[in-house]
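One structure is given below, encoded as structure tokens.
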Amino acid sequence: MLTVDKGTVRFSGHVALDAIDLDVADQETVCVLGPSGSGKSTLLRVVAGLQRLDAGRVFLGGQDQGSVPVHKRGVGLMFQDHQLFPQRDVGGNVAFGLRMQGATRAERDARVAELLKLVGLPDAQRRGVATLSGGEQQRVALARALAPRPRLLMLDEPLGQLDRTLRDRLVTELRELFAELGTTVLAVTHDQSEAFALADRVVVMREGRVAQSGTPLQVWQQPADAFVARFLGFENIVDATVTGDVADTAWGKLPVPPGTGQGTCQLLVRPAGVRLTATEDQGLPCAVVSRSFRGTHVAVQLRPPHGPRLDAACGLAEAPDPGESVGITFAAEDVVVLA
Ligand code: ADP
Ligand code: MG
14 MLTVDKGTVR
24 FSGHVALDAI
34 DLDVADQETV
44 CVLGPSGSGK
54 STLLRVVAGL
64 QRLDAGRVFL
74 GGQDQGSVPV
84 HKRGVGLMFQ
94 DHQLFPQRDV
104 GGNVAFGLRM
114 QGATRAERDA
124 RVAELLKLVG
134 LPDAQRRGVA
144 TLSGGEQQRV
154 ALARALAPRP
164 RLLMLDEPLG
174 QLDRTLRDRL
184 VTELRELFAE
194 LGTTVLAVTH
204 DQSEAFALAD
214 RVVVMREGRV
224 AQSGTPLQVW
234 QQPADAFVAR
244 FLGFENIVDA
254 TVTGDVADTA
264 WGKLPVPPGT
274 GQGTCQLLVR
284 PAGVRLTATE
294 DQGLPCAVVS
304 RSFRGTHVAV
314 QLRPPHGPRL
324 DAACGLAEAP
334 DPGESVGITF
344 AAEDVVVLA
């Protein structure tokens, strides 16, 4: 459906998109995840035709979009801050794209009613935009983007403004809606939980390039490198030298999966793989620096004798207190070899 081929955008010498390659298949939901400034919005603007490429090409349905203007691309773009027209009512907002397409009044009214029902705001046509809650504005913006039946729907930080509970609910609703409509979706966000919940495939972006692409499970289980791992919130990263099935690190010897490349690399240990031993004189001795309650577990920060600090995920009952001394071992299944 969509192919970006070596897309490059420079802003006065600064490279916002650096020969980026991206494919989105028909009916696929791809979520681009990356820190602020990594080029996510620029990518969407390029696909929509709002930003000119300095090099590379964009194809939609196999056709080069180089000379195709914005309104002929058949893409819907929902911006970060909704950008609803404050002087128009809900119906007027949703009908906007249809009006641009030259739909008749009757066609517009029917489609607006259909869309408002779809997003859970039936009969809201005459309501003023200012009377809507954040979540409702979000739904209206979505209805407006979907109304002209875009072949590709693009969402820029779709749930960025909403509180966590509403966000979690809307993510689930959006996923169901996209499946039901068979919509092809390219969404961008800096929020990993949003990306992981929404996407069939996650693309992690760094400085205008793709750092990793894969299913949410693949990316979560095997971050490609230390950048992706840290961006996902994993901090237990250490330099290692692998010999056979053992890695030598500042934290001592760690088990690595059979077949791991020999020589130097970086290792990630997921917090669940940092295990407290029965008594403090067993395993690697660490001081407990802090603990914070996370609902399903307690995140404990540990200071080992050498090397970076360690995050451990402990059961609610067994979590030690700051100041205590503990011993730890590492579980092989939670050791990940990074590039
Ligand atoms: P993101 O959406 O991932 O936060 P953007 O695509 O908005 O990132 O921006 C990528 C980089 O390009 C940033 O360094 C940003 O400052 C720069 N940038 C974006 N738009 C412009 C512009 N119109 N003029 C100059 N620099 C820009
Ligand atoms: Mg942005």
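When the letters of the sequence shown are read in order and numbered with this note's numbering, they come out as residues 14 to 352. Cβ atoms here follow ideal geometry from the backbone N, Cα and C, with glycine treated the same way.
Distance from the CA of G336 to the CA of A344, rounded to the nearest whole angstrom, comes to 24 Å.
Annotation: D294 is outside any alpha helix (DSSP H) and is labelled neither H nor E by DSSP.
Per DSSP, D122 is not a residue of any beta strand (DSSP E); the alpha helix (DSSP H) it occupies stretches across 118-131. For S54, the enclosing alpha helix (DSSP H) starts and ends at 53-61.
By the C-beta density criterion, P99 is exposed, having fewer than 16 other C-beta atoms within 10 angstroms. In its chain, beyond the 5 residues on either side, L172, E207, A210, L211 have a beta carbon closer than 7 Å to the beta carbon of V184. At a cut-off of 8 Å, the beta-carbon of E207 does not count as near the ligand MG: no heavy atom of the ligand is closer than that. Segment contact: the segment 153-170 against the segment 214-228, fewer than three CB-CB distances shorter than 8 Å; contact not assigned.
DSSP places R214 within a strand segment (E or B) once states are collapsed to three. In the three-state reduction of the DSSP assignment, D261 falls in the strand class.
With a threshold of 16 other beta carbon atoms within 10 Å, D176 falls short and is exposed.
If you draw a 10 Å sphere on the C-beta of L230, you find fewer than 16 other C-beta atoms in it, and that means exposed. In the pairwise beta carbon analysis, the segment 277-291 is classified as touching the segment 311-329: at least three pairs are separated by under 8 Å. R70 and R316 have their alpha carbons spaced roughly 50 Å apart.
Residues P48, V217 of the same chain have their beta carbon placed closer than 7 Å to that of F244, with the five preceding and five following residues left out of the count.
Annotated three-state conformation of D39 is coil, per DSSP. Taken in chain order, the complete beta strand (DSSP E) segments of 3 residues or longer contained in the segment 76-100 are 88-91.
The Cβ atoms of L187 and A156 do not sit closer than 9 Å to each other.
When the beta-carbon positions are compared, T117 and A68 stay at least 9 Å from each other. Taking the Cβ atoms as the reference, Q138 lies roughly 6 Å from V103, within the contact range of under 8 Å. Straight through space, the alpha carbons of P318 and W264 are spaced by roughly 8 Å.
Per DSSP, the beta-bridge partners of Q314 are S303, D324. Our two residues, D39 and A352, have alpha carbons roughly 31 Å apart in a direct line. Here the segment 54-66 lies against the segment 78-90, with 3 or more beta-carbon pairs under 8 Å apart. Judged by beta-carbon spacing, A29 lies within the 9 Å limit of G52, meaning their Cβ atoms are closer than that value. Not a single heavy atom of the ligand ADP lies less than 8 Å from the C-beta of A253.
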